[in-house]
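The sequence shown begins at 5 in my numbering and counts up by one. By construction, the Cβ of each residue, glycine as well, lies at the ideal position given by its N, Cα and C atoms. Here the structure is a predicted model, which means the values were calculated and not measured.
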Amino acid sequence: MAHVLGQNQYGKAENRIVRVYRDSTRHEIKDLNVSVALQGEFEDVHLTGSNANCLPTDTTKNTVFAFAKEYGIDSAEAFGILLARHFVDDTERGVVHSARIRIEEYAWDRIKTPDNSARFIGSEEVGHSFVRNGQETRTTEVVYDGEKVQVISGLKDLIVMNSTNSEFWGYIKDKYTTLQEAYDRILATQVTARWKYGYSGRDGEAQPNWNRSYTHVKRHMLEAFAETYSYSLQQTLHSMGTRVLNNRAEVDEVRLELPNKHHFLVDLEPFGLKNENEVYYAADRMYGLIEGTVHREGVVPVIPVV
Numbered sequence: 005m006a007h008v009l010g011q012n013q014y015g016k017a018e019n020r021i022v023r024v025y026r027d028s029t030r031h032e033i034k035d036l037n038v039s040v041a042l043q044g045e046f047e048d049v050h051l052t053g054s055n056a057n058c059l060p061t062d063t064t065k066n067t068v069f070a071f072a073k074e075y076g077i078d079s080a081e082a083f084g085i086l087l088a089r090h091f092v093d094d095t096e097r098g099v100v101h102s103a104r105i106r107i108e109e110y111a112w113d114r115i116k117t118p119d120n121s122a123r124f125i126g127s128e129e130v131g132h133s134f135v136r137n138g139q140e141t142r143t144t145e146v147v148y149d150g151e152k153v154q155v156i157s158g159l160k161d162l163i164v165m166n167s168t169n170s171e172f173w174g175y176i177k178d179k180y181t182t183l184q185e186a187y188d189r190i191l192a193t194q195v196t197a198r199w200k201y202g203y204s205g206r207d208g209e210a211q212p213n214w215n216r217s218y219t220h221v222k223r224h225m226l227e228a229f230a231e232t233y234s235y236s237l238q239q240t241l242h243s244m245g246t247r248v249l250n251n252r253a254e255v256d257e258v259r260l261e262l263p264n265k266h267h268f269l270v271d272l273e274p275f276g277l278k279n280e281n282e283v284y285y286a287a288d289r290m291y292g293l294i295e296g297t298v299h300r301e302g303v304v305p306v307i308p309v310v
């Protein structure tokens with residue numbers, strides 16, 4: 005029976021790179037985790053062992069670090085587009101047909117110090133001390149096939165909670181149902197969100213302001229979460245996605261994954277106490293997982309379901 009080589013790709017994964025800008029005493033930091041995956045004319049590498057068409061993964065790693073120095077990192081999206089175009093357009097003999105760049109960005113905040121200790125000899129400000137931001141991780145995935153660019157950005161591990169304005173009742177009940185209806189409950193989740201930009205990278209098309217867009221997309225999702233009186237986490241998901249599309253014209257599609265971080269009322273009656281929606285048990289396992297995509301009418305969704 006004949007065998008056929010199917011889809012294949014290769015590259016260097018999780019290149020951890022920290023770019024420090026030292027143009028003044030107030031330093032800036034970009035902290036990225038960059039993964040490169042290439043597709044193209046690599047059949048011989050698999051079938052015959054010939055490496056004539058193989059760009060070493062070590063070279064892709066070196067390119068990431070060199071580009072950080074040569075071009076800087078204004079945003080994860082712009083850096084990813086730069087790398088993807090290079091691997092497809094500039095690799096010898098055109099053997100790379102498509103490049104996918106996945107990036108996680110880790111935020112750092114400046115450490116605030118009291119006025120009496122914020123100065124030292126030779127500087128007017130402590131601008132080199134940072135603390136890792138404990139909120140979300142910013143993500144982006146750039147794919148370039150030689151003609152068009154696809155950018156899917158997002159975030160993960162953004163934990164949010166509403167302590168009220170959430171209910172859950174009127175659901176299907178059968179002989180296995182034990183969940184009690186709730187008319188005032190905690191709603192908490194750990195947001196993973198991805199959104200696809202309409203930007204295609206064709207000649208003359210201006211790139212969005214990636215950093216500003218990220219800030220506003222996140223803001224609209226958080227505002228929707230806070231302002232929605234929720235009868236289900238599904239309803240909240242739709243509100244979050246819709247808010248983004250209503251306010252950010254550069255975004256065509258939003259996919260959200262929202263695990264329900266359950267909070268259960270603790271039975272305090274054995275201790276002679278009444279629990280009036282005040283004391284909860286926070287359960288990290290098991291959890292309901294709510295997932296969904298909201299997209300503009302006429303747009304074909306492309307964000308993968310994982």
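When the options are compared against residue i, the one with the closest alpha-carbon
i       : options                               : result
Ile-33  : Trp-112, Asp-93, Val-100 and Phe-83   : Trp-112
Glu-261 : Ser-234, Thr-232, Gly-292 and Val-270 : Gly-292
Asn-281 : Leu-42, Val-153 and Asp-271           : Asp-271
His-7   : Gly-150, Leu-51, Asn-66 and Gly-158   : Leu-51
Met-290 : Glu-74, Glu-273 and Lys-265           : Lys-265
Arg-142 : Val-38, His-31 and Glu-151            : Val-38
Gly-44  : Arg-206, Asp-93, Glu-209 and Arg-106  : Asp-93
Arg-252 : Gln-11, Tyr-201 and Gln-154           : Tyr-201
Glu-109 : Leu-87, Glu-47 and Asn-137            : Asn-137
Residues of its chain near residue i, where Cβ-Cβ distance is below 7 angstroms and the 5 sequence neighbours each way are ignored
i       : result
Ala-186 : Glu-171, Phe-172 and Trp-173
Thr-1   : Missing from the structure shown is residue 1; the chain here goes from 5 to 310 and no further.
Cβ neighbour criterion (16 or more within 10 Å) applied to residue i
i       : result
Asp-178 : exposed
Tyr-148 : buried
Leu-183 : exposed
Thr-64  : buried
Lys-222 : buried
Backbone CA spacing between residue i and residue j [nearest angstrom]
i       : j       : result
Phe-268 : Asp-288 : 11 angstroms
Val-248 : Leu-241 : 11 angstroms
Val-303 : Leu-226 : 24 angstroms
Val-68  : Ile-190 : 44 angstroms
Gly-53  : Gln-139 : 45 angstroms
Tyr-25  : Ala-80  : 16 angstroms
Thr-95  : Val-40  : 14 angstroms
Lys-16  : Ala-103 : 12 angstroms
Tyr-235 : Ser-243 : 12 angstroms
Arg-23  : Met-5   : 52 angstroms
Glu-209 : Glu-257 : 19 angstroms
Glu-129 : Asp-27  : Low confidence applies to Glu-129: its pLDDT is 47, below 50, so where it sits in the model is not reliable, and the reading given next is rough at best. One C-alpha to the other measures close to 14 angstroms.
Gly-150 : Leu-159 : 27 angstroms
Ser-127 : Arg-30  : Confidence is the limiting factor: at Ser-127 the pLDDT is only 42, short of 50, which leaves the residue's position unreliable and the question unanswerable from this model.
Pro-308 : Ala-72  : 29 angstroms
Asn-12  : Tyr-284 : 49 angstroms
Cβ-based neighbour list, residue i, same chain, cut-off 6 angstroms, excluding 5 preceding and 5 following
i       : result
Tyr-233 : Asn-169
Thr-297 : Arg-259 and Pro-305
Val-135 : Asp-113 and Ile-115
His-286 : Residue identity differs from the one stated: residue 286 is Ala in this sequence, not His. Result list for Ala-286: His-267, in chain order.
Residue j beta carbon less than 7 angstroms from that of residue i
i       : j       : result
Glu-145 : Ile-156 : yes
Pro-212 : Tyr-218 : no
Phe-91  : Val-100 : yes
Ile-21  : Leu-36  : yes
Met-165 : Ala-192 : yes
Trp-199 : Ala-82  : no
Thr-176 : Gln-238 : Note that residue 176 corresponds to Ile in the displayed sequence, not to Thr. Not a contact, by the Cβ cut-off of 7 angstroms.
Gly-84  : Ile-105 : yes
Gly-205 : Val-255 : no
Contact set for residue i: own chain, Cβ-Cβ below 8 angstroms, skip 5 residues either direction
i       : result
Thr-246 : Ala-228 and Val-298
Pro-263 : Thr-193, Gln-194, Tyr-291, Gly-292, Leu-293 and Ile-294
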